[in-house]
Amino acid sequence: MPFTANRRHSPFIEELQRLLVKHQLSWRKLAELTGYHPSWLSKVRNGTPPSAELVARCDEVLEANGALIALASVGRTRCPAQLPASPAGFVGRHDELRRMRDVLTERSGPGAAAVVAVDGPPGAGKTAAVLHCAHDIVRIDPARYSDGQLYVNLNGYSQGGRPMRPENALEELLIALGVSSRDVPEGIEQRAKLYRSLLASRRILIVLDNASSSEQVEPLLPGSVGCAVMVTSRRRPPVPIVANLSDLDDVGSVVAELEAMGRDFVIGVRPELSVLDENRVGSQRFRRETGLTAAGLLRQCRERHSYVATVISPDGVFRQVPLLSGVFRPRRSAADRTYRLFKRTDLGDRSATPVWMTNMAHRRLDELLELSLLHSSAAATVDCLDGRFGLLDFAGRSFPGWHHHMTLASAAYAYARLSPSAGLPGIPLSGELGSAAATV
């Protein structure tokens with residue numbers, strides 16, 4: 001009987017068939033190479049559990065590097081349910097929840113897994129919103145992701161901890177999917193292949209909480225359309241973002257026209273374009289490197305009849321990719337030193353000495369804004385949103401000599417960057433001292 005792709009087979013049989021196609025082998029040829037009778041392989045293909053010897057022979061013949069052995073150990077009925085409890089008393093975020101549900105429940109047809117990413121500053125309720133949405137989907141449409149839910153806290157910004165390495169996250173996920181710890185392969189590539197193979201025949205909702213980088217997220221994305229992934233991060237991960245909890249400004253007509261084009265991932269366009277708004281800091285770096293304004297990006301999309309544009313990848317390189325997020329990788333130690341200068345420091349009524357705007361200071365403030373660690377507010381307040389760096393209380397400290405002046409200069413520069421229309425009194429410092437201020 002020929003192999004039927006639309007029939008629900010075990011992960012072992014699904015991967016075995018994929019490898020046969022890859023090596024251009026038939027089931028009869030596999031029987032010849034493994035020394036088993038074709039009728040026995042037919043029974044295995046139709047549900048009879050394979051022996052350990054047969055699994056080992058198939059793994060060797062098809063050069064599976066242990067993947068078939070691991071898959072054969074997985075029970076077909078394993079159905080993980082790892083979602084933490086839905087937050088009690090959750091209210092609001094109706095628009096964001098609707099947009100997330102639309103992506104996760106209306107997607108159909110061939111293609112990659114549905115991915116939703118939620119970004120925003122600490123304390124904005126990213127995890128709560130994602131868990132609330134995930135539980136809603138499981139309750140309202142249980143057949144959508146009938147094979148279970150996976151949850152991993154990637155510890156991207158946990159105090160006192162280190163971000164989880166993707167290979168360790170994969171080990172957790174594989175064990176949750178039924179792979180015994182002794183059968184988890186070594187190396188991130190082999191683990192990722194096994195992970196994708198296990199998910200290929202399943203419908204599972206995966207929550208990746210507190211991600212810090214694309215390196216963490218990418219190996220954990222399934223390759224099949226039956227699964228979906230929800231990611232939370234303070235930064236914009238390399239996936240379409242459909243819910244931005246920072247209340248960024250819209251770009252109005254640009255967004256409306258892009259939405260009218262009707263592309264599949266247009267639901268992720270709004271936050272991406274908001275960083276290209278003429279009035280936002282991110283647009284300055286984008287224009288400097290690409291020569292594109294938001295209007296220019298729209299024009300490029302029109303001309304190409306697609307959402308492929310020059311954007312900034314997580315490694316800081318500008319390239320032609322689908323409209324993802326305009327993110328930069330910060331130089332953390334440098335950004336931290338600048339960040340220590342502020343603790344909700346209100347510069348609205350202060351007189352401070354401005355500094356010639358140095359490129360280094362420019363980059364530092366951009367990095368902090370893009371990490372959602374600083375906000376620009378109408379009251380000209382620099383809001384620091386995380387206390388884990390042991391911040392200095394700028395208003396209550398006095399610094400001797402040049403350090404004092406550099407601190408004032410850095411604060412004044414922050415004010416000028418975050419409230420460009422307000423202006424500052426005073427005489428600019430010398431270029432030498434201005435450059436030094438950026439290193440504080």
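As numbered in full-length UniProt numbering, the sequence shown has no gaps in its residue numbers, which increase by one up to the final residue, 440. Glycine included, C-beta positions come from ideal geometry on N, C-alpha and C.
The C-alpha of residue 36 is placed about 32 Å away from the C-alpha of residue 79.
For residue 150, DSSP records a beta bridge to 206. If you look at residue 233, you'll find it in the beta strand (DSSP E) that goes 228–233.
Between residue 33 and residue 82, the beta carbon gap of about 39 Å keeps them out of contact (Cβ cut-off 8 Å).
The beta-bridge partner set that DSSP reports for residue 81 consists of 149. For residue 86, same chain residues with a beta-carbon under 7 Å away, outside a window of 5 residues either side, are 131, 132 and 135 in chain order. Residue pairing from DSSP leaves residue 183 without any beta-bridge partner. DSSP lists 233 as the beta-bridge partner residues of residue 211. Residue 20 and residue 128 have their C-alpha atoms spaced approximately 44 Å apart. For residue 63, the three-state secondary structure derived from DSSP is coil.
Cβ contact annotation for residue 181 (same chain, cutoff 7 Å, sequence separation greater than five): 175, in chain order.
Within its own chain, the residues whose Cβ lies closer than 7 Å to the Cβ of residue 16, once the five positions on either side in sequence are excluded, are 58 and 68, listed in chain order.
When rounded, the separation of the alpha-carbon atoms in residue 216 and residue 231 is 11 Å. Of the residues assessed, residue 137 falls on the buried side of the cut-off, its CB having 16 or more other CB atoms within 10 angstroms.
Rounded to whole angstroms, the separation of the alpha carbons of residue 31 and residue 41 is 7 Å. The Cβ atoms of residue 65 and residue 155 do not sit closer than 9 Å to each other. For residue 224, the secondary structure class from DSSP, reduced to helix, strand or coil, is coil. At the C-beta level, residue 205 and residue 125 stay beyond 9 Å of one another. Residue 220 has its alpha-carbon roughly 11 Å from the corresponding atom of residue 165.
For residue 105, the enclosing alpha helix (DSSP H) has its first and last residue at 94–106. Residue 45 carries a helical assignment under DSSP once its states are collapsed to helix, strand and coil. Between residue 163 and residue 213, the gap from beta carbon to beta carbon is short of 9 Å. In the structure shown, residue 56 falls within a helical segment according to DSSP collapsed to helix, strand and coil.
Under the three-state reduction of DSSP output, residue 51 falls in the coil class, being neither helix nor strand. Nearest Cα to residue 144 within the set 116, 28, 115 and 202: 202. Here residue 177 carries a coil assignment [DSSP, helix/strand/coil]. Classified as buried, residue 192 has 16 or more neighbouring CB atoms from the shown chains inside 10 Å of its CB. Taking 8 Å as the upper bound for CB-CB distance, residue 223 and residue 196 are in contact here, some 5 Å apart.
Residue 70 sits buried, since 16 or more C-beta atoms from the chains shown fall within 10 Å of its C-beta. Shortest Cα-Cα distance from residue 11 to any of 105, 187 and 55 involves 55. Residue 124 sits in coil when the DSSP states are folded into three classes, being neither helix nor strand. Shown here, residue 132 sits in a helix according to DSSP, grouped into three states.
Comparing C-alpha distances from residue 114 to each of 142, 226 and 141 shows the shortest one belongs to 226. Rounded to whole angstroms, residue 101 and residue 139 show a C-alpha spacing of 12 Å.
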